[in-house]
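Student: Just so you know, my numbering puts 416 at position 408 of the sequence shown, and the rest follows in order with no gaps.
In this text, a Cβ means the ideal position worked out from N, Cα and C, and glycines have one as well.
Here the structure is a predicted model, which is why all the values come from computation and not from measurement.
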Amino acid sequence: MDNLRFRALGIAMTRKQHVVEFPNLKASEYFGELTFNKAAMREYLTEEAFNQVMNSIEKGEKIDRKIADQVAAGIKAWAISNGATHYTHWFLPLTGATAEKHDAFVDPVEGGKGIEKFRGNELTQQEPDASSFPSGGIRSTFEARGYTAWDPTSPAFIMDRTLCIPTVFVSYTGESLDYKTPLLKAIYSIDKAAVDICQYFDKNITKVFATLGWEQEYFLVDNALYLARPDLVLTGRTLFGHSSAKDQQLEDHYFGTIPQRVLAFMQEFEYEAHRLGIPVKTRHNEVAPNQFECAPVFEEVNLSIDHNQLMMHLLDKIARHHDFTVLLHEKPFSGVNGSGKHNNWSLATNTRENLLSPGKTPKENLRFLAFLVNILKAVHDHSDLIRAIIASPGNDHRLGANEAPPAIISVFIGTQLTQMLEAIETADKHTMAKAATDSDLLKNLPKIPEILLDNTDRNRTSPFAFTGNKFEFRAVGSAQTCAPPMIVLNLIVADQLRKFKIEVDALIAKKMGKEDALFQVIKKYSKESKKIRFEGNNYSVEWVKEAAKRGMSNRKTTPEALQAFVDKKTTDLFERNNVLSKRELMARHEIGLENYTKKIQIESRVLGDLAGNHIIPVAIRYQNTLIENVKGLKQVLDLKTYGKLSQNQMETITEISEHVDKIKTYVNEMIDARKAANLLHEPDEKAFAYCDKVLPFFEKIRSHADKLELLVDDELWPLPKYRELLFTR
Ligand code: ADP
Ligand code: MG
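(1) For the beta strand (DSSP E) containing His-350, name the first residue and the last one.
(2) Specify, as a first and last residue, the run of the alpha helix (DSSP H) that Gln-657 falls within.
(3) What is the DSSP secondary structure of Cys-206, counted as helix, strand or coil?
(4) In chain order, what residues of the same chain have a beta carbon less than 6 angstroms from the beta carbon of Ala-502, not counting five sequence neighbours either side?
(5) Would you say the beta carbon of Pro-304 is closer than 8 angstroms to some non-hydrogen atom of ligand 1?
(6) Could you check if His-689 belongs to the surroundings of ligand 1, using beta carbon to heavy atom distance under 8 angstroms?
(7) Determine the direct distance from the alpha carbon of Asn-632 to that of Asp-331, and round the result to whole angstroms.
(8) Where DSSP assigns a beta bridge to Cys-302, which residues make up the other side?
(9) Taking the alpha-carbon of Val-81 as reference, which of Phe-99, Tyr-52 and Val-61 has the nearest alpha-carbon?
(10) Out of Asn-546, Val-512 and Ala-517, state which residue places its alpha-carbon closest to the alpha-carbon of Ile-530.
(11) Starting from Trp-551, follow the beta strand (DSSP E) in both directions and report where the run begins and ends.
(12) Quick check on His-329: does DSSP put it in helix, strand or coil?
(13) Between Ala-681 and the rest of its own chain, which residues show a CB-CB distance below 6 angstroms, the 5 nearest in sequence each way excluded?
(14) Quickly, what does DSSP pair Thr-219 with across the bridge? List them, please.
(15) Could you tell me if the beta carbon of Asn-656 falls within a distance shorter than 8 angstroms of some heavy atom in ligand 1?
(16) Are the beta-carbon atoms belonging to Leu-380 and Phe-474 less than 9 angstroms from one another?
(17) What did DSSP end up calling Glu-598 once you bin it into helix, strand or coil?
(18) Three Cβ pairs or more, each shorter than 8 angstroms: is that satisfied between the stretch 223-240 and the stretch 353-365?
(19) Is it buried or exposed for Val-614, if we count other Cβ within 10 angstroms and need 16 for buried?
(20) Give me the Cα-Cα distance between Leu-733 and Glu-717, rounded to the nearest whole angstrom.
(21) What's the call for Lys-24, buried or exposed, on a 16-neighbour Cβ count within 10 Å?
(22) Give a single yes or no on whether Gly-91 has its beta carbon closer than 8 angstroms to a heavy atom of ligand 1.
(23) Report the residue ranges of all beta strand (DSSP E) runs contained in full by the stretch 90-121; include only those spanning at least 3 residues, in chain order.
(24) Quick one: what does DSSP say Arg-629 is sitting in, helix, strand or coil?
(25) Just to confirm the assignment: which complete beta strand (DSSP E) runs, minimum length 3, are found wholly within the stretch 169-201?
(26) Return helix, strand or coil for Asn-373, following the three-state DSSP convention.
(27) Around the C-beta of Glu-118, are 16 or more other C-beta atoms found within 10 angstroms, so that it is buried, or is it exposed?
(28) Could you tell me if the beta carbon of Leu-364 falls within a distance shorter than 8 angstroms of some heavy atom in ligand 1?
(29) Judging by CA-CA distance, which residue of Ile-500, Leu-570 and Tyr-630 is the nearest neighbour of Arg-584?
(30) Could you have a look at Arg-360 and say whether DSSP puts it in helix, strand or coil?
(31) Mapping DSSP to helix, strand and coil, what is Ile-417?
(32) Alpha carbon to alpha carbon, how far is Ser-534 from Glu-37? Give it in angstroms, no decimals.
(33) I'd like to check one pair, Ala-105 with Arg-169: are the Cβ atoms closer than 9 angstroms?
(34) What does Asp-230 pair with, by DSSP beta-bridge criteria?
(35) Taking just the CA atoms, how far does Cys-490 sit from Glu-69?
(36) Of the residues Gly-348, Phe-420 and Leu-171, which one's Cα is nearest the Cα of Ala-399?
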């Protein structure tokens with residue numbers, strides 16, 4: 009039988025492994041060779057230009073026009089000597105994917121010849137015709153211009169013979185149309201706010217960097233099988249498919265030996281990533297079959313986010329060399345684990361300290377506590393916003409599905425820190441009085457055991473967990489960009505630190521000792537944010553009940569969660585810190601809702617199409633064979649034997665009809681629900697209609713189709729099955 013599935017399986021089964029030729033070099037010899045890094049800048053820039061670029065990176069100083077021309081000339085020379093023929097501004101519009109528009113360096117000159125050109129203004133600013141990017145109504149049609157502007161803090165790089173220049177993307181009227189603009193503002197905000205707090209402890213701290221180390225999970229599927237699944241191709245996930253008899257129950261994939269073909273892919277991917285300066289470090293098998301993870305060494309957050317974007321692109325590109333397709337979707341297969349992207353986040357100083365690392369001296373100890381409780385308080389006060397920034401139709405399948413943290417945002421800090429905060433909360437006037445002098449108070453602070461660092465109890469069920477010297481934000485989805493979670497996290501902590509300083513300074517102004525004042529406010533915040541702390545099993549039913557008792561939100565769906573973008577608390581927060589205006593937030597809210605609606609709409613169409621033209625016809629064809637068989641039996645058997653032996657077939661014939669009937673009915677009802685939803689005009693009404701009225705049909709239709717998969721002759725079934733998708737490698 010030559011259906012699409014069998015053709016695909018035939019191709020997948022006879023794959024030859026793609027052999028990659030690597031140069032005989034140490035990784036350190038090619039690491040970063042495709043980036044315009046410091047060494048390249050030194051070589052290709054004048055001293056004056058080099059110094060200005062460094063000042064711009066370190067202090068945010070503007071690069072003047074004359075110097076921009078020099079820098080452009082240097083980058084051009086470097087890029088051309090590395091084989092680049094084109095250049096592009098590379099930015100992060102609100103689609104969540106990266107955007108680029110390539111221009112050739114070469115310009116014609118007299119006599120039919122050409123010359124490579126690249127001027128300062130082409131480096132620093134471009135005006136892409138950007139009217140098709142989502143703007144949430146910000147860019148009206150009569151003013152469709154958008155500008156990209158160079159971000160010198162993320163080095164330019166060469167990919168596919170094209171010089172890529174990381175940029176921000178703003179509208180003609182100055183509103184941001186991307187993720188990088190608010191990110192850079194949030195980074196500025198946390199730097200200033202955290203430095204101010206550090207100044208209580210150490211005058212040498214003059215700069216604080218947020219750091220990010222992401223862990224990217226993904227699935228690999230053989231490319232031929234992928235192409236035979238229209239649902240994977242069009243939606244990134246399987247909308248049908250009965251679970252495989254064996255999937256992850258034996259837990260034999262996690263940390264197992266990496267299959268050869270996958271390893272060949274990973275090696276080439278890592279080689280290319282290293283050439284681009286992406287410090288990928290760890291690779292391993294994940295829990296589900298054909299699921300893998302990759303993690304880098306952490307970096308400054310802006311660079312780390314660009315590297316994650318680049319890396320997702322690279323995964324996809326290199327996988328194709330090995331005839332795999334990478335699935336970054338949060339839930340490509342039902343019944344096995346989905347994929348997340350843990351965001352490990354911390355704060356580093358110019359003095360090379362980690363502010364989230366419990367210190368050795370009492371003074372460092374107090375500083376650590378100050379940052380810890382401020383983070384707890386920030387997450388406590390803005391938990392709905394944190395939920396909102398990880399909302400996506402894909403992530404809705406994960407959050408709360410017993411494999412990923414739930415939609416309830418809580419923080420895990422481990423037993424020792426919990427005990428410590430409890431001791432602080434109950435420290436009464438008497439203990440405080442005993443600690444008459446500042447230095448005594450420090451001595452009396454409960455000591456953080458040194459083993460904490462390597463030995464934080466691991467709670468893998470928490471959406472936001474302290475892991476010894478950093479927080480791990482685990483609820484982020486695998487397909488999402490890290491930018492929104494990082495904008496919000498840095499922003500809420502910056503805002504909180506600023507409030508903290510005001511309260512501490514007020515106490516100091518009333519003649520309270522500095523450390524005493526710090527301690528008082530730490531104690532207050534610890535108490536006020538207690539509700540957000542949870543040390544137990546986040547996957548349990550008890551926690552859902554307990555959280556409800558604590559009055560915590562549990563916003564299960566994207567349309568519901570997105571609401572927090574436009575709450576007054578959120579708009580005030582963003583405006584007060586000059587990160588996004590209310591108008592920009594409303595635009596982002598609208599884009600989020602529209603994106604949700606469109607994705608569910610596409611899934612619904614694909615589901616209806618596949619049910620109607622892949623599954624039902626095949627079920628009927630098989631049913632006809634059974635009917636023929638029963639008719640034949642009647643001719644050749646005596647009535648009694650026939651009555652007995654045709655029973656099974658008769659049952660199957662009826663069952664098939666029942667499933668087909670149910671599928672048809674539900675598909676029709678789903679189409680009606682979609683039509684009704686499409687008539688709605690307000691983006692939120694529409695998204696809620698898709699969520700509440702259209703989406704519920706998916707499971708109903710699927711369950712009948714998946715039962716048919718078990719009934720129908722394997723040779724007829726058109727869609728590659730779970731066992732084939734998950735175990736071909
Ligand atoms: P897990 O046990 O959750 O798999 P890993 O230890 O493998 O975690 O990965 C942790 C990630 O955290 C890595 O990307 C690492 O670079 C990152 N990380 C470590 N320290 C910091 C830090 N101070 N700031 C940000 N990220 C960090
Ligand atoms: Mg992790």
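Tutor: Considering the structure as presented:
(1) Taking the first residue of the sequence shown as 1, we reach residue 350 at position 342. First-last of the beta strand (DSSP E) with His-350: 349-357.
(2) On the sequence shown, residue 657 is found 649 positions in, with the first residue counted as 1. Element bounds for Gln-657: 655-686.
(3) Numbered from its first residue, the sequence shown carries residue 206 at position 198. Three-state DSSP puts Cys-206 in a helix.
(4) Residue 502 sits at position 494 when you count from the first residue of the sequence shown. Excluding sequence neighbours, Ala-502 sits near Ser-197, Ile-198 and Ala-201.
(5) By one-based count along the sequence shown, residue 304 stands at place 296. Pro-304: yes, Cβ under 8 angstroms from ligand 1.
(6) Your numbering for residue 689 matches position 681 in the sequence shown. His-689 Cβ: outside cutoff for every heavy atom of ligand 1.
(7) To locate residue 331, count along the sequence shown from 1; it is residue 323. To locate residue 632, count along the sequence shown from 1; it is residue 624. Spanning the two alpha carbons is a distance of roughly 37 angstroms.
(8) Here residue 302 corresponds to residue number 294 of the sequence shown, with the count starting at 1. Cys-302 pairs with Gln-224 and Arg-291.
(9) Sequence index remark: in the sequence shown, residue 81 carries index 73 (1-based). Checking the displayed sequence, the identity of residue 81 turns out to be Ala instead of Val. The candidate whose alpha carbon is nearest that of Ala-81 is Tyr-52.
(10) In the sequence shown, counting from the first residue as 1, residue 530 sits at position 522. Minimum Cα distance to Ile-530 is reached at Val-512.
(11) The residue labelled residue 551 in the question sits at position 543 within the sequence shown. Segment 549-557 is the alpha helix (DSSP H) holding Trp-551; no beta strand (DSSP E) there.
(12) Translated into the one-based positions of the sequence shown, residue 329 becomes position 321. It is helical.
(13) Here the question's residue 681 lines up with position 673 in the sequence shown. Cβ neighbours of Ala-681 beyond the five flanking positions: Lys-701 and Val-702.
(14) For the purposes of this step, residue 219 is taken as the residue at position 211 of the sequence shown. The partner list for Thr-219 (beta bridge, DSSP) reads Glu-308 and Ser-354.
(15) Walking along the sequence shown from the start, residue 656 turns up at place 648. Not under cutoff, so the answer is no.
(16) Numbered from 1 along the sequence shown, position 372 holds the residue referred to as residue 380. Numbered from 1 along the sequence shown, position 466 holds the residue referred to as residue 474. Yes, these two residues count as a Cβ contact at 9 angstroms.
(17) As a first step, residue 598 must be located in the sequence shown, where it is residue number 590. Three-state result, Glu-598: helix.
(18) no
(19) Within the sequence shown, residue 614 is the residue found at index 606, counting from 1. Buried: at least 16 other Cβ atoms inside 10 Å.
(20) Residue mapping note: residue 733 aligns to position 725 of the sequence shown, counting from 1. Residue mapping note: residue 717 aligns to position 709 of the sequence shown, counting from 1. In a straight line, the C-alpha of Leu-733 is about 15 angstroms away from that of Glu-717.
(21) Mapped onto the sequence shown, residue 24 falls at position 16. Counting Cβ neighbours within 10 Å, Lys-24 comes out exposed, since fewer than 16 surround it.
(22) Against the sequence shown, residue 91 aligns to sequence position 83. Checking every heavy atom of ligand 1 against the Cβ of Gly-91, none is found closer than 8 angstroms.
(23) 94-99 and 114-117
(24) Counting from one through the sequence shown, the residue named residue 629 turns up at place 621. Correct three-state label for Arg-629: helix.
(25) 170-179
(26) To locate residue 373, count along the sequence shown from 1; it is residue 365. Three-state DSSP puts Asn-373 in a helix.
(27) Indexing the sequence shown from 1 puts residue 118 at position 110. Glu-118 is exposed by the Cβ-count criterion.
(28) Numbered from its first residue, the sequence shown carries residue 364 at position 356. Within the cutoff, so yes.
(29) As a first step, residue 584 is located in the sequence shown; it is residue number 576 there, counting from the start. Taking only the C-alpha atoms, the option nearest Arg-584 is Ile-500.
(30) As a working note, residue 360 is residue 352 in the sequence shown. Correct three-state label for Arg-360: coil.
(31) On the sequence shown, position 409 is the one that residue 417 refers to. DSSP places Ile-417 in coil when its eight states are reduced to three.
(32) In the sequence shown, residue 37 corresponds to position 29, counting from 1. In the sequence shown, residue 534 corresponds to position 526, counting from 1. About 49 angstroms.
(33) By 1-based counting over the sequence shown, the position of residue 169 is 161. By 1-based counting over the sequence shown, the position of residue 105 is 97. Not a contact, by the Cβ cut-off of 9 angstroms.
(34) Taking the sequence shown and counting its residues from 1, one reaches residue 230 at position 222. Paired residues: Phe-332.
(35) The count along the sequence shown starts at 1 and reaches residue 69 at position 61. The count along the sequence shown starts at 1 and reaches residue 490 at position 482. Roughly 26 angstroms separates the two Cα atoms.
(36) Against the sequence shown, residue 399 aligns to sequence position 391. Ranking Gly-348, Phe-420 and Leu-171 by Cα distance to Ala-399 puts Gly-348 first.
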